[in-house]
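Please read the structure below before turning to the comments.
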Amino acid sequence: MNESGRPYALLAEFDTPASALQVAEQVRDAGYRRWDVHTPYPIHGLDGAMGLGNSKVGWFTFLGGTSGFSLGMLMIWWMGKVDYALPVGGKPLFSPIFAFPVAYELTILLGAFGTLIGMFLLNRLPRHYHPLLKHPRFRNVTHDKIYVVIECADPKYSDTATRKLLESAGGRNIEVVED
Amino acid sequence: MAHSVDKIPPYVVAPPAELEREPLVLHQRTPAWISDKIAGIVEGKTPRWWWIALGISVVGMLMMFSMVAYLISTGIGVWGLNQPTAWAWDITNFVFWIGIGHAGTLISAILCLLRQRWRTSINRAAEAMTLFAVVCAGIFPVVHTGRVWYALMPGFLIPFPNSNAIWPQFRSPLLWDVFAVSTYGTVSLLFWYTGLIPDLATMRDRAVSKVKKFFYGLFALGWTGSNRHWSNYEKAYLILAGLSTPLVLSVHSVVSFDFAVSQVPGWHTTIFPPYFVAGAIFSGFGMVLTLLVPLRSICGLQDVITTRHIELMCKVILATGSIVGYAYGMEFFIAWYGGNPYELYAFQNRAFGPYWWAYWSMITCNVISPHLFWFKWCRTRMWFVFLVSIVVNIGMWFERFVIIVTSLHRDYLPSSWDYFNPTYVDVLTFVGSFGLFSTLFLLFMRFLPMIAISEVKAVTPQADPHHPMGGAKLGGAH
């Protein structure tokens, strides 16, 4: 199935973070849903200008961290007290005190894995194929240019009105990216 | 509050001149210059000095591996260890290397939480240094067991079902250390890789050859700089910084438990965890300076790693060096004030016993040398900073040697007192570990951007939408 040639999105280039902030607010207020701003570095205030909420990565960290701590405690309790009790010098077979350092490290370990996995899941990464990555101009996004991308699949998308919006906001090199 | 922005662009008032700080990137370099400069180091022709340095490092690394092979095939007797000094250079080297590793995480995590934006120029190289130092550190506790297959076999260190049906001894601080160090290595790697993703995308987009494009692209995971991605990415980065901060403090605390939880006079002290952590940061910054001071001039990075960056690192050395000096004094005071004759003897023996030379080398390097950084002259002369950074690391090696060997060589039974002398195997293994470290670091700086490109861009005024250089218009209130 050859899908090349089907329009994917409208691409507009901007130079400064201030102009990106302005155009993002305009696109947001115009009611678009499937659009994005691609930048070489995170721009302070762009999340608000795009109308993005707080990232949900923290929930994955919480899940990872709590499972790390409880798994650590359970593991030490089960191995030392249940499965193979080895009395040493009358010391308790299990105590949360001596189990704490290991459970603490596991909290951090699984918390970190949770964070990273959560970030990848929320971002739908890794994704090695992307229509934008084929576009010759788009490679400047990791250099110094800022691109606003409005997908053709957006219900509000129209060839003329969307282009006009980006043009009036000062976008340059406005082009259709093909899938 | 959404307002119609096409009519009111983000207006700013220029900050008063006295509030302006020295910029983090000099000469108003643009984001484009930053990626050209830093990626250019990797893309350019391999310089001759790199090949020479790599050759020397690989020889050192191979020397270390052959010494380790000799140790494993022959036995622990090839080292100078004896009874009662059953730990000597092996554990000294372990603590030395793991301590060096602490600067990377401190820079990337604690300074991130404290919003110290100058960290962006040095965090990548420092994190790489951390990883490679942990690799070097990990070798010593494994090989010091002699029969390494026991250390690596499931059930002894790693809780894994095995035919002997035994589990690790979780009451031992040595096992806590296994978890602390392996968690530290893993989380540092995750943190480092997370930071690398946007820069790998830069390398991918700049790559000319197909092979480079494939490999950088593979590890860039399809990063497109989408702000929806940045939003989650920045949150994840902040959380990783939040997780690594208690981690970096806990790792060297747990390392110090290896000593402090025992009953040996000179080891059994409650001051050890904070004292070890401060010493680790002190030595880590020493190593960061040892690496970055020459690299910034060789690679022409003076506009990104500015004199201000070097000065700030010198100040961290001054602060942590003062904590270390205080800890040395407090240890002695408590040994006297505690009224325990064995403890007092252990400390008198450190300063005036047969290892007096090690103790006073440590004092000279760690207590006296950092105080030179009170003077701006000392902090701004690069050759001077470089020399002091080496002195700091010599001192920190001696600190661990003093703690370990002088506490052990005279135990409770005078008939077993002995003097430890290293053999050539001890020496060559340690020297060779520097070869391993620099081999890894040289490979890193040849194939990966050694400064966080996207992070440095983000701290320039050009990246600030509320700064005139970022496109904001000067004028009334926002």
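So the protein sequences, as listed, match chains A and B.
First residue of the first sequence? That's 82 in my numbering, and the numbers climb one at a time after it.
First residue of the second sequence? That's 331 in my numbering, and the numbers climb one at a time after it.
Ideal Cβ positions, reconstructed from N, Cα and C, are used throughout, including at glycine.
Remember, it's a predicted structure, so these values are computed and weren't measured experimentally.
Range of the contiguous alpha helix (DSSP H) that encloses residue i
i	result
Val508(B)	503 to 536
Glu564(B)	557 to 590
Tyr689(B)	686 to 693
Gln678(B)	671 to 682
Ala788(B)	783 to 788
Tyr165(A)	That residue, Tyr165(A), is in no alpha helix (DSSP H); it is neither H nor E in DSSP.
Pro624(B)	602 to 628
Ala439(B)	Taken as a continuous stretch (DSSP letters only), Ala439(B) belongs to no alpha helix (DSSP H), as it is neither H nor E.
Leu127(A)	127 to 131
Asp756(B)	754 to 777
Val473(B)	453 to 473
Phe395(B)	378 to 404
Gly659(B)	637 to 667
Interface partners of residue i on chain A, CB under 8 Å
i	result
Gly801(B)	Asp96, Thr97, Pro98, Ala99, Ser100
Val517(B)	Ile189, Leu190, Ala193
From the options, residue whose alpha carbon lies closest to that of residue i
i	options	result
Met156(A)	Gly683(B), Tyr400(B), Pro489(B)	Pro489(B)
Leu738(B)	Leu772(B), Ile653(B), Arg501(B), Ala418(B)	Ala418(B)
Leu573(B)	Ala439(B), Leu354(B), Ala802(B), Gly434(B)	Ala439(B)
Val761(B)	Ile371(B), Thr404(B), Pro361(B), Val388(B)	Val388(B)
Gln358(B)	Lys803(B), Gln632(B), Phe682(B)	Gln632(B)
Leu570(B)	Thr120(A), Pro98(A), Gly146(A)	Gly146(A)
Gly800(B)	Gln103(A), Pro207(A), Ser151(A), Asp240(A)	Gln103(A)
Met200(A)	Leu551(B), Arg730(B), Ile733(B), Gly651(B)	Leu551(B)
Ile724(B)	Met692(B), Ala369(B), Phe705(B), Asp588(B)	Met692(B)
Leu392(B)	Thr769(B), Leu778(B), Gln792(B), Pro361(B)	Thr769(B)
Val581(B)	Lys787(B), Val607(B), Met780(B), Gly410(B)	Val607(B)
Val257(A)	Met154(A), Ile227(A), Lys237(A), Phe219(A)	Phe219(A)
Ile189(A)	Gly410(B), Leu461(B), Val478(B), Ala510(B)	Ala510(B)
Asp756(B)	Leu356(B), Tyr400(B), Ile368(B)	Tyr400(B)
Ile421(B)	Ile733(B), Glu352(B), Leu568(B)	Ile733(B)
Pro604(B)	Ala788(B), Trp427(B), Val654(B)	Val654(B)
Residues bridged to residue i (per DSSP)
i	result
Ala418(B)	Bridge partners of Ala418(B): none, in fact.
Leu91(A)	Ile231(A), Val257(A)
Pro484(B)	Ile488(B)
Trp707(B)	Answer by DSSP bridge pairing: none, since Trp707(B) is not bridged.
Trp116(A)	Ile231(A)
Residue i beta carbon near the ligand GDP (any heavy atom closer than 7 Å)
i	result
Asn557(B)	Looking for the ligand GDP in the displayed structure turns up nothing, as the structure carries no ligands at all.
CB contact below 8 Å: residue i versus chain A
i	result
Ser561(B)	yes
Lys565(B)	yes
Asp633(B)	no
Phe500(B)	yes
Pro795(B)	yes
Leu436(B)	no
Pro428(B)	It should be noted that the sequence gives Ile, not Pro, for residue 428(B). Not closer than 8 Å to any Cβ of chain A, the Cβ of Ile428(B) fails to qualify, so no.
Pro377(B)	no
Met331(B)	With a pLDDT of 41 at Met331(B), under the threshold of 50, the modelled position of that residue is not reliable, and the figure given next carries that caveat. So no, Met331(B) is outside the interface.
Ser365(B)	yes
Phe509(B)	yes
Gly485(B)	no
Pro603(B)	no
Gly765(B)	no
Leu648(B)	no
Cross-chain neighbours of residue i in chain B, by beta carbon under 9 Å
i	result
Asp235(A)	In chain order: nothing, as chain B lies at least about 14 Å away.
Any C-beta of chain B under 8 Å from that of residue i
i	result
Phe179(A)	yes
Thr241(A)	no
Ala90(A)	no
Pro182(A)	yes
Thr142(A)	yes
Leu213(A)	yes
Met160(A)	yes
Lys172(A)	yes
Asp260(A)	no
Contacts of residue i in chain A (Cβ-Cβ under 9 Å)
i	result
Lys787(B)	Pro121, Tyr122, Asp225
Gly547(B)	His209, Leu214
Leu444(B)	Result: empty, since nearest Cβ-Cβ is about 18 Å, beyond 9 Å.
Under 7 Å from the C-beta of residue i: neighbouring residues of chain A
i	result
Arg558(B)	Asp117, Leu133
Thr637(B)	Correct list: empty, because the minimum Cβ distance to chain A is about 24 Å.
Gly325(B)	Here chain B comprises residues numbered 331 to 808, so residue 325(B) is not present and cannot be evaluated.
Ala362(B)	His224, Asp225
Ile569(B)	Val138, Gly139, Thr142, Thr196
Val584(B)	Pro182
Proximal residues of chain B, C-beta to C-beta of residue i below 7 Å
i	result
Ser136(A)	Ser561, Asn562, Lys565
Tyr165(A)	Ala495, Ile496, Trp497
Chain E contacts made by the segment 520 to 543 of chain B, where a contact means CB separation under 9 Å: Going by chain labels, chain E is absent from the structure shown, which instead holds the protein chains A and B.
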